[in-house]
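Just below is one structure, and these are the notes that go with it.
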Amino acid sequence: MTSGTSSGTWFNEALYPDWGQRFRVVKELAHRKSPFQDIRIFESSSHGRVLVLDGIVQITERDEFIYQEMLAHVPLFMHPNPKRVLIIGAGDGGVLRRVLQHRTVEKAVMVEIDGDVIELSKQHLPMFGKDAWNDPRAEVIVGDGIDYVKKSGDAAFDVIIVDSTDPIGVGDVLFTDDFYENCARILSDEGIIVNQCGVPFQQADELRETTARRAKFFPHVTAYLAAVPTYVGGFMTLGIAKKGAPPHRPDVVELARRAQGIAEGCQYWTPEVHVASFSLPPYIAQNLPRS
Numbered sequence: 015m016t017s018g019t020s021s022g023t024w025f026n027e028a029l030y031p032d033w034g035q036r037f038r039v040v041k042e043l044a045h046r047k048s049p050f051q052d053i054r055i056f057e058s059s060s061h062g063r064v065l066v067l068d069g070i071v072q073i074t075e076r077d078e079f080i081y082q083e084m085l086a087h088v089p090l091f092m093h094p095n096p097k098r099v100l101i102i103g104a105g106d107g108g109v110l111r112r113v114l115q116h117r118t119v120e121k122a123v124m125v126e127i128d129g130d131v132i133e134l135s136k137q138h139l140p141m142f143g144k145d146a147w148n149d150p151r152a153e154v155i156v157g158d159g160i161d162y163v164k165k166s167g168d169a170a171f172d173v174i175i176v177d178s179t180d181p182i183g184v185g186d187v188l189f190t191d192d193f194y195e196n197c198a199r200i201l202s203d204e205g206i207i208v209n210q211c212g213v214p215f216q217q218a219d220e221l222r223e224t225t226a227r228r229a230k231f232f233p234h235v236t237a238y239l240a241a242v243p244t245y246v247g248g249f250m251t252l253g254i255a256k257k258g259a260p261p262h263r264p265d266v267v268e269l270a271r272r273a274q275g276i277a278e279g280c281q282y283w284t285p286e287v288h289v290a291s292f293s294l295p296p297y298i299a300q301n302l303p304r305s
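Under our numbering, the first residue of the sequence shown carries the number 15, and numbering increases by one thereafter.
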């Protein structure tokens with residue numbers, strides 16, 4: 015994978031060597047080389063504000079709600095009573111905001127390795143985190159998520175949400191056996207972990223290998239779908255794994271009841287979308303372990 019470049023008033027993302035997308039840049043808002051990665055935020059003419067890490071588009075103002083709603087709401091509604099949530103990455107604050115919309119959540123710990131991402135997101139992407147940064151239930155830590163997981167006590171969390179880059183560069187260590195083994199240890203008896211597994215039309219190996227690693231430490235492993243326009247190549251897969259009993263698949267009536275006060279503000283997640291997102295086309299399902 016190669017980094018994106020700017021050409022005149024255009025930003026060209028080169029996530030893949032022979033296929034890509036580009037954005038017309040209206041205004042450069044921030045460009046900083048942190049100790050971990052190259053961070054860029056710009057205003058585009060088509061997608062509003064865009065966050066780019068190491069030349070790869072991470073999130074845009076126009077479609078961030080799709081990824082963030084599905085990454086947060088699906089695992090929290092799958093868990094019967096999520097009280098303690100660990101978020102690794104997600105420095106823009108959007109996942110933290112969605113997690114804190116759940117009334118059962120008593121504590122949400124967010125560990126982001128790159129403090130510059132948090133700082134620049136607060137300054138230039140305030141619409142993502144909004145007031146979540148000041149919620150008394152939120153604990154925001156600038157630090158190494160791998161180290162935090164290793165040092166956490168057994169059964170310390172009910173849900174872990176990993177919002178990382180692809181398994182290259184700074185995000186690589188979030189896709190290892192050691193990481194998933196420790197995640198299983200610090201999750202409670204019915205604990206759930208979810209993380210992005212790429213766009214399988216182009217990144218099937220990422221889904222296949224990540225799922226195989228999680229299956230070593232979790233008895234129940236699957237994936238669900240979200241269609242995010244700026245993650246080019248069709249459906250994005252979000253891998254989910256669970257301890258304890260097989261995952262309960264709630265029906266739309268139960269989900270609607272639990273989502274009162276949340277669903278009204280969603281632009282993508284609905285009870286119907288939640289249920290349907292676990293129906294995988296064969297070209298995606300073939301990358302998961304056969305039950």
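We treat Cβ as the ideally placed atom computed from N, Cα and C, and that holds for glycine.
| Check | Outcome |
| --- | --- |
| Between L134 and I55, which are expected to be in contact by the criterion C-beta below 8 Å, what is the C-beta distance as a whole number of angstroms? | 6 Å |
| For G178, which of S48, I127 and N95 has the nearest alpha-carbon? | Note that residue 178 is Ser in the sequence shown here, rather than Gly. Comparing Cα positions, the closest option is I127. |
| Look at V208 and I160 and say whether their C-beta atoms are less than 8 Å apart. | no |
| Below 8 Å CB to CB, which residues in the same chain sit around D77 once its five sequence neighbours on both sides are set aside? | H61, V242, P243 and T244 |
| With DSSP as the reference, identify every bridge partner of N209, one or two as the case may be. | V176 and G253 |
| Which of the three DSSP states, helix, strand or coil, is assigned to T23? | coil |
| What is the rounded straight-line gap between the Cα of D203 and the Cα of D172? | 8 Å |
| For F193, does the three-state DSSP call read helix, strand or coil? | helix |
| Measuring CB to CB, does I200 end up less than 8 Å from S166? | yes |
| Would you list the residues sitting across from S60 in a DSSP beta bridge? | DSSP, once it has assigned bridges, lists no residue as partnering S60. |
| Checking the sheet assignment: what are the DSSP bridge partners for D106? | Per DSSP, none; premise fails for D106. |
| Please list the segments of the beta strand (DSSP E) lying wholly inside the segment 88 to 153, counting only runs of 3 or more residues, in order along the chain. | 98 to 103 and 121 to 126 |
| Determine whether the Cβ of L43 lies closer than 8 Å to any Cβ atom of chain C. | Protein chain content of the structure displayed is limited to a single chain, and chain C is not contained in it. |
| Which stretch, first to last residue, makes up the alpha helix (DSSP H) that contains F37? | Unbroken run through F37 is the beta strand (DSSP E), W33 to K47; no alpha helix (DSSP H). |
| How is the alpha helix (DSSP H) around I298 delimited, first residue to last? | P296 to A299 |
| Which first and last residues belong to the beta strand (DSSP E) in which V71 is found? | I70 to T74 |
| Just curious, the alpha helix (DSSP H) that L221 is in, first and last residue? | P214 to A229 |
| Decide if the segment 90 to 98 is in contact with the segment 63 to 72; the criterion is three or more beta carbon pairs, one per stretch, under 8 Å apart. | no |
| Taking C-beta to C-beta, are H288 and F91 nearer than 8 Å? | yes |
| Bridge partners for V235 per DSSP, in chain order? | A255 |
| Where does L65 fall in DSSP's three states? | strand |
| I believe C211 touches A237 by the beta-carbon criterion, under 8 Å. Please report the beta-carbon distance rounded to the nearest angstrom. | 6 Å |
| My understanding is that I80 touches A270, with C-beta atoms under 8 Å, so please give their C-beta distance in whole angstroms. | 20 Å between Cβ atoms; not a contact. |
| Quick check: what's the CA-CA separation for R263 versus K257? | 15 Å |
| Have a look at Q281, E153, P233 and W283 and flag the residue whose alpha-carbon is nearest the alpha-carbon of P260. | P233 |
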